[in-house]
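Notes follow the structure.
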DNA sequence: CCTGTGACGTCCC
DNA sequence: TGGGACGCCACAG
């Protein structure tokens, strides 16, 4: 699993101060148990010293096929954030449904029920 | 160096 | 419940 992080940190241009902030974000995301979801803001709070946008940016920078469960990270509305390009949104929903996470008729996730209880 | 932009969040109406 | 305005900060050009 440590290999996982290493792979994730291998993003294009982001190495800051050796101990990259992205690594922290990815590590935190990796701690989200299967069948649970969290929000960008919460991840940012957990990591500390960074804003939700940075978390989103970190997700966007993730290489395809990374072991980081980026799909479990959604916005505070409980919806899958629409990315600028790519069909990742549909892919994300499909992955979440594969984890028994149910979506509301409007395509939302009940954070009360599926939200990561920790922190 | 300066500007635009974005997988966000909170506040207000 | 829903939508708009503002704030936020790193990254790319």
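Residue numbers (the working numbering): 37 to 155.
Even glycine gets a Cβ: it sits at the ideal position worked out from N, Cα and C.
DSSP three-state call for residue i: helix, strand or coil?
{"i": "residue 51", "result": "Note that residue 51 scores 38 on pLDDT, short of 50, meaning its location in the model is unreliable; the coordinates nonetheless yield the value given after this. Reduced to three states, the DSSP call for residue 51 is coil."}
{"i": "residue 73", "result": "strand"}
{"i": "residue 43", "result": "For residue 43, the pLDDT reaches just 43, beneath the cut-off of 50, and the residue's location in the model is therefore unreliable, although a value from the coordinates is still provided. Three-state DSSP puts residue 43 in a helix."}
Taking C-beta to C-beta, are residue i and residue j nearer than 8 Å?
{"i": "residue 92", "j": "residue 117", "result": "yes"}
{"i": "residue 105", "j": "residue 68", "result": "yes"}
{"i": "residue 101", "j": "residue 147", "result": "no"}
Looking only at its chain, what residues have a beta carbon closer than 6 Å to the beta carbon of residue i, apart from the 5 residues adjacent to it on each side?
{"i": "residue 132", "result": "107"}
{"i": "residue 40", "result": "With a pLDDT of only 45 at residue 40, under 50, the local geometry of the prediction cannot be trusted, and the value read off the model is given with reservation. The residues are 103."}
{"i": "residue 87", "result": "80"}
{"i": "residue 135", "result": "70 and 71"}
{"i": "residue 89", "result": "none"}
{"i": "residue 85", "result": "none"}
Write down the C-beta distance between residue i and residue j rounded to the nearest angstrom, noting that I regard them as a contact closer than 8 Å.
{"i": "residue 112", "j": "residue 143", "result": "No, residue 112 and residue 143 are not in contact; Cβ-Cβ is about 15 Å, not under 8 Å."}
Leaving aside the five residues before and after residue i along the sequence, list all residues of the same chain whose C-beta is less than 8 Å from its C-beta, in chain order.
{"i": "residue 109", "result": "65, 68, 73, 74, 75, 76, 79, 91 and 95"}
Taking only runs that begin and end inside the segment 68 to 139, name each unbroken alpha helix (DSSP H) of 4 or more residues, in chain order.
-> 76 to 83, 88 to 96 and 124 to 134
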